[in-house]
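Quick note: the sequence shown uses the UniProt record's numbering, first residue 1, plus one each step. A virtual CB, placed ideally from N, CA and C, is assigned to each residue, including glycine. Predicted model, so just to flag it, every value in this text is computed and none were measured. One structure below.
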Amino acid sequence: MTHLEVDGVTKVFGDPEKDGVVAVNDLSIDVPDGDFLVLLGPSGCGKTTTLRMIGGLEDPTEGEIRFDGTVVNDIKARNRDVAMVFQDFALYPHMTVRENLGFGLRREDNDMTDGEIDQRVTEVAEMLEIEELLNNKPAQLSGGQQQRVALGRAIIREPRLFLFDEPLANLDAQLRKTMRTEIDELQSQVGITSAYVTHNQEEAMTIADTIAILNDGKLQQLGTPDQVFNEPANLFVAQFVGSPDMNLYSGRVTDSGDDYAIETDDTSFEIPKALVETEIDTSDVLVGFRPQDLYQRAARLTEGPDVDAEVRVVEPVGTEAIVHAESESGDITAKIGGFHDLAAGDSLTFTIAPEHVYLFDAETEELIK
Ligand code: ATP
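Structure, rendered in structure tokens:
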């Protein structure tokens with residue numbers, strides 16, 4: 001197992017003095033032994049570049065990458081003892097599954113006997129339930145089976161680190177879900193520190209121990225899935241994580257003694273100061289409601305806001321429904337559980353408990369509460 005540190009790492013492609021592209025900007029991430037780190041962010045935010053620097057395929061312009069406290073910046077990729085899994089599987093087409101799996105163990109610097117290699121191949125094939133496929137060539141396998149072989153090739157050497165770059169991107173939605181559970185199980189079973197790149201927040205939330213959210217080469221937040229969802233550091237994280245998207249409205253705050261009074265275009269409500277950790281010294285805020293936290297108000301149950309809205313579309317999702325409606329402040333989306341008989345054109349009032357209201361500074365976009 002390996003303690004991975006990315007310390008103050010910057011990567012500039014091209015000439016830093018002229019028109020270089022800053023792909024990664026002063027990034028620091030500490031990944032404890034055995035942890036599953038997911039690098040999450042939109043296209044072009046620097047995830048792959050970060051992974052490639054960890055793997056030794058790209059040199060940092062500044063900063064250090066350390067494995068167990070040892071700086072590896074100058075160690076070549078093939079000597080870092082990391083295994084990488086990419087989205088295109090990269091299997092050798094002319095080799096059988098058995099040969100593909102054993103290939104990494106047959107490298108010159110390995111003194112394993114043929115018998116030992118065969119035994120290890122069988123062990124890994126059993127772990128991944130691909131024993132019956134050992135004599136097949138990659139072209140005879142489905143996408144999911146090919147990805148299992150690619151995973152098998154990564155774990156067979158018991159590397160110091162696993163690096164995954166969107167390994168499920170080429171699989172259909174159903175298979176993605178199955179495979180991500182398998183990767184998660186496999187990683188906890190073998191306990192190898194892993195870094196996994198994806199732009200899919202749902203995948204990140206289910207698979208990660210720790211998520212690093214990047215935007216424009218910069219770290220926005222490092223935390224557990226629970227932390228990035230419940231305590232997003234800023235507006236970017238709040239909007240990137242969670243589905244459906246968080247509802248956001250411009251608002252104003254005034255101090256009213258024991259409470260903060262919040263006003264948006266169509267509602268006003270109060271948040272007890274006890275619920276707000278820092279003093280609010282700004283008046284312009286963005287008010288956020290997660291669709292999961294809104295409910296259809298029958299009677300006044302909380303001191304939270306009342307938002308009158310008209311239903312536009314109701315999308316049933318199993319036992320829940322996503323309700324898209326229009327309020328005076330703009331569109332509002334709610335995820336409503338249990339029975340409901342809402343239909344397009346209905347008028348209703350949403351409410352939300354004050355502890356579930358998010359406030360962001362309108363200027364800095366940092367989370368206030
Ligand atoms: P995606 O999800 O689309 O793969 P990403 O988050 O992995 O994106 P990177 O591939 O790391 O992003 O790219 C980060 C930035 O660096 C982008 O602006 C990209 O255009 C730029 N970049 C990446 N590789 C190179 C390169 N070899 N030369 C020049 N610019 C590059």
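If you compare alpha carbons, which of the options is closest to residue i?
| i | options | result |
| --- | --- | --- |
| Thr34 | Gln221, Asp245, Gln189 and Asn200 | The residue asked about is misnamed: residue 34 is Gly in this sequence, not Thr. Nearest C-alpha to Gly34: Gln189. |
| Ala334 | Gln292, Asp19 and Pro138 | Gln292 |
| Glu158 | Leu134, Ile192, Met179 and Ser142 | Ile192 |
| Ile130 | Leu101, Asp111, Pro232 and Asp114 | Leu101 |
| Asp266 | Asp331, Val124, Leu51 and Asn136 | Asp331 |
| Val72 | Gly338, His3 and Leu128 | His3 |
| Gly14 | Leu51, Pro60 and Asp30 | Pro60 |
| Val97 | Phe289, Ala77 and Glu126 | Glu126 |
| Arg290 | Thr264, Ile352, Asp88 and Glu263 | Ile352 |
| Thr198 | Leu51, Arg153 and Leu134 | Leu51 |
| Ala325 | Glu58, Ile262 and Glu310 | Glu310 |
| Glu355 | Ala274, Gln239 and Ala208 | Ala274 |
| Gly304 | Ala238, Met112 and Thr264 | Thr264 |
| Phe86 | Val357, Leu151, Ala261 and Lys177 | Leu151 |
| Val313 | Pro272, Asp346 and Val287 | Asp346 |
Does DSSP put residue i in a helix, a strand or coil?
| i | result |
| --- | --- |
| Thr181 | helix |
| Lys11 | strand |
| Gly330 | strand |
| Lys273 | helix |
| Thr319 | coil |
| Ala343 | coil |
| Gln145 | helix |
| Glu126 | helix |
| Gly288 | strand |
| Ala90 | coil |
| Ala154 | helix |
| Val357 | coil |
| Asn247 | strand |
| Glu310 | strand |
| Arg98 | helix |
| Ile117 | helix |
| Ala362 | coil |
| Arg160 | coil |
| Glu279 | coil |
| Asp255 | strand |
| Asp293 | helix |
| Glu166 | coil |
| Glu132 | helix |
| Gly337 | strand |
| Ala83 | strand |
| Ala139 | helix |
Can you check whether the C-beta of residue i is within less than 8 Å of a C-beta belonging to chain B?
| i | result |
| --- | --- |
| Thr49 | Considering every chain present, this structure includes no chain B. It has just one protein chain. |
For review: beta carbons within less than 6 Å of any heavy atom in the ligand ATP
Phe13, Val21, Ala23, Gly41, Ser43, Gly44, Cys45, Gly46, Lys47, Thr48, Thr49 and His199
Could you give the uninterrupted runs of the beta strand (DSSP E) lying entirely in the segment 169–244, keeping only those of 3 residues or more?
194–198, 210–215 and 218–223
Would you say the segment 37–52 touches the segment 101–120, given that touching needs at least three Cβ pairs under 8 Å?
no
Do the segment 61–68 and the segment 3–12 touch if we need at least three Cβ pairs shorter than 8 Å?
yes
Would you call the segment 159–179 and the segment 133–145 touching, i.e. three or more CB-CB distances under 8 Å?
yes
Count Cβ pairs between the segment 311–321 and the segment 271–284 that sit closer than 8 Å; are there 3 or more?
no
Touch test, the segment 20–36 against the segment 192–201, Cβ-Cβ under 8 Å, three pairs minimum:
yes
Could you tell me which uninterrupted beta strand (DSSP E) segments, each at least 3 residues in length, are contained entirely in the segment 21–76, listed from first to last along the chain?
21–31, 36–40 and 62–67
Count the CB pairs spanning the segment 75–90 and the segment 14–28 that are closer than 8 Å, and state whether there are at least three.
no
With three or more C-beta pairs closer than 8 Å as the rule, is the segment 245–261 touching the segment 212–221?
no
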